[in-house]
Amino acid sequence: MKYTKSCFRVNGIINLFILFALTIATGFSRELIYNGNFELPPDSGWRVIRWGEFPDTGNCRLRWLHTYHPDRDFEVMIQKLLHQGMKFFQQIDIPSLELQFSVSCRLSAKSESESLFAAAAVVLEYLNSSDSLLGETRIFYATPGCDWQNSPSLHLIRVSDTINWHNYRIDILNDLESLPGIEPTEIKSIRVGLLSFVRGNS
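Per this note's numbering, the very first residue in the sequence shown carries number 997; after that it's consecutive.
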């Protein structure tokens, strides 16, 4: 629940190396993400969903190793090919919106075809009491042709390069100011996820 370092690969190369935590901001620091350091296998606290063409074939891979980053901690690699999506995620019931989300990430993406775009993202999805998606924030990198756009329910933060690590700290209440389509009082949980995505842009 302290942090996670992860790696994505999608349609050629999409890499996502990540270190994150979600903590209560008032009074004391309490970590809310279970098995965030992946000292336990990734199926402890985390789930995977896949969609698109041939989602159950070898085009979708989840690997748990400690060699993707120079430190000794474990990391996760998600590999995706073809027109598909894959998300590695954890849903967290939240006691309040006074939360801090911190992340250090390095993302890269490569598409093998001009008719495709590939993207990797760290996602914060805001859910209501029925687990319906109200809106989300994505820290992402994508190849040309990506059609994601900011909207009242989607807040995009694009990483500036694919080489360096970038540190982000998101105050959830402040983040919601960038999502005017969400009524904050309806939020009952947050889904923290690592998204890999490939889609045609023609």
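We put the CB at the ideal spot given by N, CA and C, even for glycine.
| query | result |
| --- | --- |
| My understanding is that Glu1121 touches Arg1043, with C-beta atoms under 8 Å, so please give their C-beta distance in whole angstroms. | Glu1121 to Arg1043, Cβ: 13 Å. No contact. |
| Give the C-beta separation of Lys1129 and Lys1184 to the nearest angstrom, bearing in mind that I take them to be a contact with Cβ-Cβ under 8 Å. | According to the sequence as given, residue 1129 is Leu; it is not Lys. At roughly 12 Å, the Cβ-Cβ gap does not stay under 8 Å, so Leu1129 and Lys1184 are not in contact. |
| Give the DSSP-derived three-state secondary structure of Asn1170 in the structure shown. | helix |
| Using the Cα positions of Gly1189 and Ile1166, report the straight-line distance between them to the nearest angstrom. | 15 Å |
| Among the candidates Glu1179, Leu1175, Val1155, Arg1195, whose CA atom is the shortest distance from the CA of Arg939? | Absent from the structure is residue 939, since the part of the chain shown begins at 997 and ends at 1198. |
| What would DSSP say about Thr1133, mapped onto helix, strand or coil? | strand |
| Please go through the same chain and pick out, in chain order, the residues whose beta-carbon is closer than 8 Å to the beta-carbon of Thr1181, but skip the five residues on each side of it. | none |
| In the DSSP assignment, what residue or residues form a beta bridge with Arg1165? | Ser1098 |
| Mind checking who Arg1195 pairs with in its DSSP beta bridge? | Phe1113 |
| Output yes or no for whether 8 Å exceeds the beta carbon distance between Gln1086 and Gly1131. | no |
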